[in-house]
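Letter by letter, the sequence shown follows residues 0 to 324 in numbering that gives the first Met the number 0.
To start, the structure under review is shown below, and the notes come after it.
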Amino acid sequence: MTTTGLGSVPGDDIREWTRAVLELVDLPFFPELPARPYGDMISRTIAVLTELAADLQTVGWRLTGGGDARASLDQRRARAMLHEDLDVLEEYFDGYEGPLKVQVTGPWTLAAAVERPRGDKVLADHGARRDLAQALAYGVEQHVADVRKRVPGAEVLLQLDEPGLPAVLAGAVPTASGWSKHRSVDGPGAVELLSLFTGAAPTVVHCCAARPPIEVFTKSGASGIAVDVSLLNNAAWEQVAAAAEAGTKIYAGVVPTTGALPRPERAAEPLVRRWRELGLDPERLKQVVITPACGLAAAASVADARARLKLLRDVVDVVGEAADE
């Protein structure tokens, strides 16, 4: 069995965290440090966009046009930080061979967060959100290629973060006025844009919401899904079971991101119990990737976040023993 983190971590020392992910988890990931300016998931993804320009307003990022020449000072700063972080990754992963995960905000969450040049979210305009998704897909392809060039021995895995997709599908994203909601997007439409990304690298879609649209993720061609086990209802668990039986890799978020650190047995219990209740093959349980429930940016401290990542390997031992029973 394997352990990994989901991207975000506390603190502001990228060198400390790049070194830590090599030590603490089996599947290292490119750390995101949202405590730094331009270190949050949206800013990091804006940095990946090379075909579209954006600037940072008081309400968040807003598209301003196309091409690098029109990139705002804020977007150039976000890109500079990304490149500096990649330099650190290249330094610490020199000679590394094995899997390496990079994370970007998915097209639907980005469309629900970023504004059009004339206001309101990109989500409001069918053509604009397609243009954004296509530009992002191109940027992600270049980003993955850059990581492969910097770390030639890496087997790059792409994680798409889609915390906002359940609200997009439900028509629950507020308009700029706050008096209305954006129209819902249907499942096939959601699949269509997500499928633009699943060819760049093996892709896991992460959504730590209570009702992650797992079927949308699997239909898009994702090879893995990452969920918060503690939030899943019966219907979601049935989708997890169907995905697992179809060969999709399950990334099970079992270690909470805040609060008291649980014992390994307690952290593993919900996953093991539901796996058995659903009658799933114990051998497939051994293939589950064990993760925190979500990103660790909200952890009490760097030491606390490290302890939660370290706990993952103890949980793996418990889950492995349960699978053998």
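Ideal Cβ placement from N, Cα and C applies to all residues, glycine included.
- Query: Roughly how many angstroms lie between the CA atoms of LEU48 and GLU324, to the nearest whole one?
  - Reply: Approximately 49 angstroms between the Cα atoms of the pair.
- If LEU81 sits next to ALA46, beta carbons under 8 angstroms apart, how far is it from one beta carbon to the other, in whole angstroms? Correct: roughly 4 angstroms between the Cβ atoms.
- Three-state class that DSSP yields for LEU181 in the structure shown: The sequence shown places His at residue 181, not Leu. It is coil, neither helix nor strand.
- Item | Assumed close pair THR197, ASP160 - CB separation to whole angstroms, cut-off 8 angstroms | Contact flag wrong, Cβ pair sits at about 15 angstroms.
- Task: Would you mind stating whether VAL228 and LEU168 have Cβ atoms separated by less than 9 angstroms?
- Result: The answer is no: Cβ separation not under 9 angstroms.
- Message: According to DSSP, ILE249 sits in a beta bridge with which residue or residues?
- Response: DSSP links ILE249 through a beta bridge to ILE224.
- Message: Can you tell me whether GLU31 is helix, strand or coil according to DSSP?
- Response: In this structure, DSSP gives GLU31 an extended state, which the three-state scheme calls strand.
- Task: Answer yes if the stretch 172 to 180 comes into contact with the stretch 110 to 126, meaning at least three C-beta pairs across the two stretches below 8 angstroms, and no otherwise.
- Result: At 8 angstroms Cβ cutoff, the stretches touch.
- Query: In three-state DSSP terms, what is SER7?
  - Reply: SER7: strand per DSSP, three-state reduction.
- Ignore the nearest five residues each way along the sequence and tell me which others in LEU310's own chain have a CB closer than 6 angstroms to its CB. Hits under 6 angstroms: VAL254.
- Message: Taking the alpha carbon of ASP303 as the reference point, which residue from GLY10, VAL239 and THR3 has its own alpha carbon closest?
- Response: Checking every option, the nearest Cα to that of ASP303 belongs to GLY10.
- Message: Within 10 Å of its beta-carbon, does TRP236 have 16 or more other beta-carbons around it, so buried, or fewer, so exposed?
- Response: A residue is called buried once 16 or more other Cβ atoms fall within 10 Å of its Cβ, and TRP236 is buried on that count.
- Message: Looking at the strands, I want to know which residues DSSP matches up with ARG61.
- Response: Beta-bridge partners of ARG61 (DSSP): ASP54 and GLU114.
- Query: Can you name, in chain order, every residue of its own chain whose Cβ lies under 6 angstroms from the Cβ of SER194, other than the five neighbours on each side?
  - Reply: The residues are SER219 and GLY220.
- Message: Quick check on this structure: which residue in THR217, PRO162, LEU32 and GLU264 has the alpha carbon closest to the alpha carbon of THR247?
- Response: If we check each option's Cα against that of THR247, THR217 comes out closest.
- Message: Alpha carbons only, please: which of ALA259, THR202, PRO263 and ALA234 is nearest the one belonging to ILE249?
- Response: Of ALA259, THR202, PRO263 and ALA234, the residue nearest in Cα terms is THR202.
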